[in-house]
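Below you'll find the structure, written out as structure tokens, and then a few comments.
Protein chains: 4
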Amino acid sequence: MASNSFGRFFRITTFGESHGPGLGVVIDGCPAGLTIDMDALRYEMARRRPGQSKVTTPRSEDDDVRIWSGTVDGVTTGHPIMMLIENQGQKSHHYDKLKTVYRPGHADFTWEKKYGLRDVRGGGRSSARETAARVAAGSIARQLLAREGVSIVGHVTQIGTIVAEKFDADEIERNIVRCADADAAARMVEAIDAKRKEGDSLGGIVEVIAEGVPVGWGDPIYEKLDARLAYALMSVNAVKGVEIGAGFASASSTGSANNDPIGPDGFLSNNAGGILGGVSNGMPVVARAAIKPTSSINKTQQTIDADGNPAELEVGGRHDPCVVPRGVPVCEAMVALVLVDCLLAPPAKI
Amino acid sequence: MASNSFGRFFRITTFGESHGPGLGVVIDGCPAGLTIDMDALRYEMARRRPGQSKVTTPRSEDDDVRIWSGTVDGVTTGHPIMMLIENQGQKSHHYDKLKTVYRPGHADFTWEKKYGLRDVRGGGRSSARETAARVAAGSIARQLLAREGVSIVGHVTQIGTIVAEKFDADEIERNIVRCADADAAARMVEAIDAKRKEGDSLGGIVEVIAEGVPVGWGDPIYEKLDARLAYALMSVNAVKGVEIGAGFASASSTGSANNDPIGPDGFLSNNAGGILGGVSNGMPVVARAAIKPTSSINKTQQTIDADGNPAELEVGGRHDPCVVPRGVPVCEAMVALVLVDCLLAPPAKI
Amino acid sequence: MASNSFGRFFRITTFGESHGPGLGVVIDGCPAGLTIDMDALRYEMARRRPGQSKVTTPRSEDDDVRIWSGTVDGVTTGHPIMMLIENQGQKSHHYDKLKTVYRPGHADFTWEKKYGLRDVRGGGRSSARETAARVAAGSIARQLLAREGVSIVGHVTQIGTIVAEKFDADEIERNIVRCADADAAARMVEAIDAKRKEGDSLGGIVEVIAEGVPVGWGDPIYEKLDARLAYALMSVNAVKGVEIGAGFASASSTGSANNDPIGPDGFLSNNAGGILGGVSNGMPVVARAAIKPTSSINKTQQTIDADGNPAELEVGGRHDPCVVPRGVPVCEAMVALVLVDCLLAPPAKI
Amino acid sequence: MASNSFGRFFRITTFGESHGPGLGVVIDGCPAGLTIDMDALRYEMARRRPGQSKVTTPRSEDDDVRIWSGTVDGVTTGHPIMMLIENQGQKSHHYDKLKTVYRPGHADFTWEKKYGLRDVRGGGRSSARETAARVAAGSIARQLLAREGVSIVGHVTQIGTIVAEKFDADEIERNIVRCADADAAARMVEAIDAKRKEGDSLGGIVEVIAEGVPVGWGDPIYEKLDARLAYALMSVNAVKGVEIGAGFASASSTGSANNDPIGPDGFLSNNAGGILGGVSNGMPVVARAAIKPTSSINKTQQTIDADGNPAELEVGGRHDPCVVPRGVPVCEAMVALVLVDCLLAPPAKI
């Protein structure tokens, strides 16, 4: 089924596998007249790139993005923008043993049953490498949003059992876990390192904050801004939960405590995460994604082979002991893609 | 923007307001040949109905559903099924004072800014009454799913700070909070009652379990089953968070603990909530929705009027002190709508 | 398959059968703030109505449209507008004999094979009565377009072998065949009358002209304005061909004759029918639809019954000897629905 | 606006310009398990290729298609198939003079007004070169259809005023105009040659016949098979009219002559072009597209420049004096894309 597109007005279609010739994205619906800032785009790509620090996989990928269409002299023409990232240096032989067994926590089993075959090289299209295409497209979305005063910042609020307790935006890109709390960041790095040495992995939580979103974005009943954000973030590999504003904590609250009072200058609190009735209310839009621990671990796991016989597996290879810090730019990109669609939406009133 | 449809193959379009002449749904894509079980449909409607118990609003609505098209002698013809629920007995004068002030926690402010006007009678289309149309459509979806052996059960796992600790499916419909733990249920009822007397309200968590889902439902990359569920559930009024399987708890877990081992007879645990790589794995599909406390409370709240001046508001009227029990059939309906779309999806392989 | 919606931004979903309780349409995406002109809407409905003249079916249908949602005090709210037309006075017993045989030229055979059953009463959903819903929705589209200076006029250019040779817009609604050439109109009426007496029927051509369309409507590559018009018009019952501007005549022309020269004040001819590269060029948009002769005739026809045995059929009942004049408002409505989607489209440039 | 995709289940998204680095297509929704026949694909590409005969442009383009994703060992995986055609040897300097004037009959004027800028090199994305991507995707669609016994043949029925009078399928690819009537073909070649020498161009008509289409393809009311075909064919550059079966001729016919009688072994004639009520009836599906004469001619034409001042233009360059023969594989591809979507559609009945 056609299921590789996201967005209605700024519509992306991604393609490509981890170890094939390349992967990329077609953006359809980007307005004409935008001078694409390639430095900004490369910066976002670098934030997602493997091998950027000791808490990520030591695999190194260049992720050079080339624009094949939709621009003249660097300016968008209104026509589809195809961006292609050629793969290079992938070592497919690492995956030979995976041909016959299903990795727990991976798409191996389900995709093979669904499609009757699967691309074992690096997980094929189920690889997190697909998110490179999202980040590339998201960067252009962010550039359109920035023109309207909308900025998007993501950070890590939790890794394993360590929870950030402060928010200093300047701190985020200063540490390799992208945590806005320097102390927590240091402990997060240690915790990841410890798990890495055990051959194990950790999960965590990414929070994305969009500031400058005007009142009125999002569309009832089924295209609510929060529903779209949940959809967007849950589509990211390894995300298992999404919440808006107070989120799950609101379940144990009361109406009198959870309702955000309204004053002449705006809302006096933001339990709603910037969204009421599915429509933005002018406060920062706040979404959080729970990311499960990396499935690929260097511990022996119980599984089966393609014939259904019991098998033991140690995945091996070079994997992220914690993918959460690299998840930050991906989650930001998905939020940007949701918001740019609101920016381009048809008028709600005459 | 056209935003009142949900689903691709079994596509619903809902319409109507709380206090207008009526509300309803058009189902487009229901296959021909299904004899609609109207008793089953009415049963689901009754579960969502206001006035069903002392923990819900004392407003009474009949919610009689009439089918206007798409059937001959009770059998679906493959053409659009329009179901209409006429409104009756709504008392619009209760809402006069709301014309001039915005209720905290409601869509009043955002929708009025977005559309330039709003239907103040009962919240208009932002009313939870819209979910009646979802339940009606969801019932037909469930009937199609049941033919394939898929069953859907929802229950309340938390209200306020009270958390269910047991799961006895038979218990769910025996208590008015729809909790599978009888002891917790009794305490939940008490807690709601206490808050009702204070003029306050409580939130909670609904869990929906789909059993019998075959391996292979859901479509990478952007139409993942979990992403679709998150989208569906987050579109329900008052839902502020969605998680699949271990959900947010997986953020503080490790790969070795969170990965579900695979044995010859299937998965040995279900942290994945039945979904890997966005595709069902044959285990029960498990999703949870966090529902915020009812916004309409009988306590004085700080707000503003349409001119931006400070105002105080006590909503009054007859509202649910806790909408979570009535949210169960709504969340079930949304899960059914997601799953029936998977049932009807084009073939993934030749 | 979900296939009863049309349009992306001003999206209609129609439902209902000829002889069921009623039929109607949900409009999703109409902007808030439009005061619906119900007189204008009823005027369009009357133009489509059966029984309006001796060249149409003598069946009389009231086609009263009631708005069930999406307005407050007659003003659109931005939420779905459901319009319902109750059926009354249909005589289903006329259709008893059709239960067992397939009418040539009708959807009987194909729909029964596709769906496994069919609604024989009045053709069910295949009835041209479905177009009443299009006209109702189209009227609101026209009201939005009129605000932008876009007007839509349809007329009959051919019935049988009689071709209009003059264009006097004032003449169109003065004669019962809606022909802009009074002399041709008189001969068309005679021709229809002659065929009616024979129990036979005639086809013809409807031309729709949209004036005031600004430069820039329509979207390459697959949402070209001409492609959308072709899709819209070909979806109307009995339409078997669509052409834009010079249309089929351009096939026998030359580039030097067919290209429209451009002068400082605009195009000097309009072979392009107002569309170049799929985008409007500021000239009148001109589309024509070829309508086949009414399939229901009072002549004996060769067919088969549901068992595949040969059968003879004389349809009987009260049918239009020529549906072309009543097709005018329907074709206008479809053009309006295409154009309003262009009006509401996202911006093409920043 | 996102407008570069076609199809719902076998969904293509095309990108790229005539003189940029390349162009291509992403196919989303092709089922897994198809071994792509690259020879068949190249054969179709060669039929569309410029420079294939003296009646086409002497420009030579290789149109080598490379598959970048979605296959393993030549077998489709169910994931997006990206096919890229690199551009080479385009001479952009030919287009310098077009920077300042609008070519009559081209998209120059409308696209520049719509987008605020345009890619003048070879017409950018408005170039017929985009159809190479359609043909590549269409070839894979045809391969899926062939497995179900559906075959698609296109031929030229008219060029200028010369009309084919015989149909010998074997003849079509024997002559350079793809006409099934050898005598007419010879005269067509002469006529094109004559116009080429004058610096002028000719139009014509392409007919596409799909055999083996089972009863039941196409979906009422707005996704009728004929409506989809009209949409698909009208989206092809230079097409100004589409008709199904008897098409425009049915306008001057009568019901008794136009209705196709039904016998025990099927329909006894095919005025319906294989479609009744928007659904295929088992007869060959027959569609025709009217193609206007090539707009680029070597005659002086009256136009304006970007400042609105009168200008004279002789396009120059190497253009097809008649694009109709090369339009055959393009029209076939579009019909294939429509039909493969029917093949993959969800079930109409349970």
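Chains as they are written, first to last, in the numbering used here: chain A, 425 to 774; chain B, 425 to 774; chain C, 425 to 774; chain D, 425 to 774. For glycine and all other residues, C-beta sits at the position ideal for the given N, C-alpha and C. The model shown is predicted, which means the values in this text are computed figures rather than measured ones.
> Any idea what DSSP makes of F533/D, helix, strand or coil?
Replying inline: Counted from its first residue, the fourth sequence places residue 533/D at position 109. Here F533/D sits in helix by DSSP.
> Considering only residues of the region 684-751 of chain A, which uninterrupted beta strand (DSSP E) runs meet the minimum length of 3 residues and lie entirely inside it, listed in chain order?
Replying inline: You should have 709-715, 725-728, 734-737.
> In three-state terms, what does DSSP make of L761/D?
Replying inline: Translated into the one-based positions of the fourth sequence, residue 761/D becomes position 337. Taken through DSSP and simplified to helix, strand or coil, L761/D comes out as helix.
>> Give me the chain C residues within the contact set of W535/D, using Cβ-Cβ distance strictly less than 8 angstroms, ordered along the chain.
In response: In the fourth sequence, the residue the question calls residue 535/D occupies position 111. Ordered by position in chain C, the residues that pass the 8 angstroms Cβ test against W535/D are P644, G701, V703.
>> The beta strand (DSSP E) that contains E622/A, what's its start and end?
In response: The residue labelled residue 622/A in the question sits at position 198 within the first sequence. Taken as a continuous stretch (DSSP letters only), E622/A belongs to no beta strand (DSSP E), being part of the alpha helix (DSSP H) at 606-622.
>> Taking the straight line between their C-alpha atoms, what separation do you get for A772/A and G640/A?
In response: The sequence position of residue 772/A within the first sequence is 348, counting from 1. The sequence position of residue 640/A within the first sequence is 216, counting from 1. When rounded, the distance between both Cα atoms is 9 angstroms.
> Between R620/A and the rest of its own chain, which residues show a CB-CB distance below 7 angstroms, the 5 nearest in sequence each way excluded?
Replying inline: For the purposes of this step, residue 620/A is taken as the residue at position 196 of the first sequence. The beta carbon of R620/A sits closer than 7 angstroms to the beta carbons of P745 from its chain, once the five residues preceding and following it are set aside; these are given in chain order.
> Is G666/C helix, strand or coil by DSSP?
Replying inline: Locating residue 666/C in the third sequence gives position 242, where the first residue counts as 1. The sequence as given places Val at residue 666/C; Gly does not occur at that position. Correct three-state label for V666/C: strand.
>> What does the alpha-carbon distance come out to for the pair H443/C and R545/C?
In response: As a first step, residue 443/C must be located in the third sequence, where it is residue number 19. As a first step, residue 545/C must be located in the third sequence, where it is residue number 121. H443/C and R545/C have their C-alpha atoms spaced approximately 6 angstroms apart.
> Going along the chain, which residues of its own chain have a beta-carbon closer than 6 angstroms to the beta-carbon of R712/D, five neighbours each way excluded?
Replying inline: Numbered from its first residue, the fourth sequence carries residue 712/D at position 288. Here the set comprises I629, E631, E667.
> Listing by chain order, which chain B residues have their CB less than 8 angstroms from the CB of T437/C?
Replying inline: As a working mapping, residue 437/C is identified with position 13 in the third sequence. Those are S429, T437, V450, D452, P504, listed as they occur along chain B.
> Out of curiosity, what's the CA-to-CA distance linking A730/A and A769/B?
Replying inline: Taking the first residue of the first sequence as position 1, residue 730/A is located at position 306. Taking the first residue of the second sequence as position 1, residue 769/B is located at position 345. When rounded, the distance between both Cα atoms is 26 angstroms.
>> Within 10 Å of its beta-carbon, does G498/A have 16 or more other beta-carbons around it, so buried, or fewer, so exposed?
In response: Counted from its first residue, the first sequence places residue 498/A at position 74. By the neighbour-count rule (16 or more Cβ atoms within 10 Å), G498/A is not buried but exposed.
> chain B beta carbons: is any one of them nearer than 8 angstroms to that of H443/A?
Replying inline: Working through the first sequence from its first residue, we reach residue 443/A at position 19. It does not; no Cβ of chain B falls within 8 angstroms.
> Where does the unbroken beta strand (DSSP E) through M506/D begin, and where does it stop?
Replying inline: In the fourth sequence, the residue the question calls residue 506/D occupies position 82. Counting along the chain, the beta strand (DSSP E) containing M506/D begins and ends at 505-510.
>> When you compare the CB of E756/C with every CB in chain D, is at least one pair closer than 8 angstroms?
In response: Translated into positions along the third sequence, residue 756/C becomes position 332. Between E756/C and chain D, the shortest Cβ-Cβ separation is not below 8 angstroms.
> Between Y655/D and T500/B, what straight-line distance do the alpha-carbon atoms span, to the nearest angstrom?
Replying inline: Counted from its first residue, the fourth sequence places residue 655/D at position 231. Counted from its first residue, the second sequence places residue 500/B at position 76. Roughly 29 angstroms between the two C-alpha positions.
>> Strictly by DSSP, which residues pair up with C603/B?
In response: Looking up residue 603/B in the second sequence gives position 179. In DSSP, C603/B forms a bridge with V580/B.
> Helix, strand or coil: which one does DSSP assign to T678/C?
Replying inline: The residue you call residue 678/C lines up with position 254 of the third sequence. Under the three-state reduction of DSSP, T678/C is assigned to strand.
> Can you list, in chain order, the residues of its chain whose CB lies under 6 angstroms from that of T417/C, leaving out five sequence neighbours each side?
Replying inline: Outside the shown range of chain C (425 to 774) lies residue 417/C, about which nothing can therefore be said.
> Using a Cβ-Cβ distance under 8 angstroms, would L626/D count as near chain B?
Replying inline: Walking along the fourth sequence from the start, residue 626/D turns up at place 202. False, the Cβ-Cβ gap to chain B never drops below 8 angstroms.
>> Strictly by DSSP, which residues pair up with L626/B?
In response: In the second sequence, counting from the first residue as 1, residue 626/B sits at position 202. Answer is T678/A, bridged to L626/B.
>> Let me confirm a value: Q512/C is counted as buried when at least 16 other C-beta atoms fall within 10 Å, else exposed. Which label applies?
In response: Your numbering for residue 512/C matches position 88 in the third sequence. If you draw a 10 Å sphere on the C-beta of Q512/C, you find fewer than 16 other C-beta atoms in it, and that means exposed.
> For the alpha helix (DSSP H) that contains T555/D, what are its first and last residues?
Replying inline: Your numbering for residue 555/D matches position 131 in the fourth sequence. In the DSSP assignment, T555/D falls within the unbroken alpha helix (DSSP H) covering 555-571.
> What is the rounded straight-line gap between the Cα of H530/A and the Cα of N682/A?
Replying inline: Translated into positions along the first sequence, residue 530/A becomes position 106. Translated into positions along the first sequence, residue 682/A becomes position 258. In a straight line, the C-alpha of H530/A is about 38 angstroms away from that of N682/A.
> So the beta strand (DSSP E) L447/D belongs to, where does it begin and stop?
Replying inline: Stepping through the fourth sequence from its first residue, residue 447/D is reached at position 23. Unbroken beta strand (DSSP E) run through L447/D: 446-452.
>> Give me the DSSP bridge partner(s) of R435/C.
In response: For the purposes of this step, residue 435/C is taken as the residue at position 11 of the third sequence. Paired residue(s): D452/C.
>> Which residues in chain B have a C-beta closer than 9 angstroms to the C-beta of P638/D? List them in chain order.
In response: In the fourth sequence, counting from the first residue as 1, residue 638/D sits at position 214. Going along chain B, no residue has its Cβ under 9 angstroms from P638/D, so there is no contact; the nearest lies around 16 angstroms.
> Where do the ends of the beta strand (DSSP E) carrying R490/D lie?
Replying inline: Along the fourth sequence, one-based indexing puts residue 490/D at 66. 489-491 is the extent of the beta strand (DSSP E) around R490/D.
>> Give me the residue from G562/B, E614/B, V574/B with the minimum Cα distance to I586/B.
In response: Stepping through the second sequence from its first residue, residue 586/B is reached at position 162. With distances taken between Cα atoms, I586/B lies closest to E614/B.
> Do A670/D and S680/D have their C-beta atoms within less than 8 angstroms of each other?
Replying inline: For the purposes of this step, residue 670/D is taken as residue 246 along the fourth sequence, with counting starting at 1. For the purposes of this step, residue 680/D is taken as residue 256 along the fourth sequence, with counting starting at 1. Going by beta carbons, A670/D and S680/D fall outside the 8 angstroms limit.
>> Using beta carbons (cut-off 8 angstroms, strictly below), is L458/A in contact with chain C?
In response: Residue mapping note: residue 458/A aligns to position 34 of the first sequence, counting from 1. Chain C, which has a Cβ nearer than 8 angstroms to the Cβ of L458/A, makes this yes.
> So M469/D is in the alpha helix (DSSP H); what residue range does that whole segment cover?
Replying inline: Taking the first residue of the fourth sequence as position 1, residue 469/D is located at position 45. Per DSSP, the continuous alpha helix (DSSP H) segment holding M469/D begins and ends at 462-472.
> With 16 as the cutoff for other CB atoms within 10 Å, does M462/C come out buried or exposed?
Replying inline: For the purposes of this step, residue 462/C is identified with residue 38 of the third sequence, where counting begins at 1. Exposure of M462/C is indicated by the presence of fewer than 16 other C-beta atoms within 10 angstroms of its C-beta.
> Tell me the DSSP bridge mates of I586/B?
Replying inline: To locate residue 586/B, count along the second sequence from 1; it is residue 162. Residue pairing from DSSP places I586/B in a beta bridge opposite I583/B.
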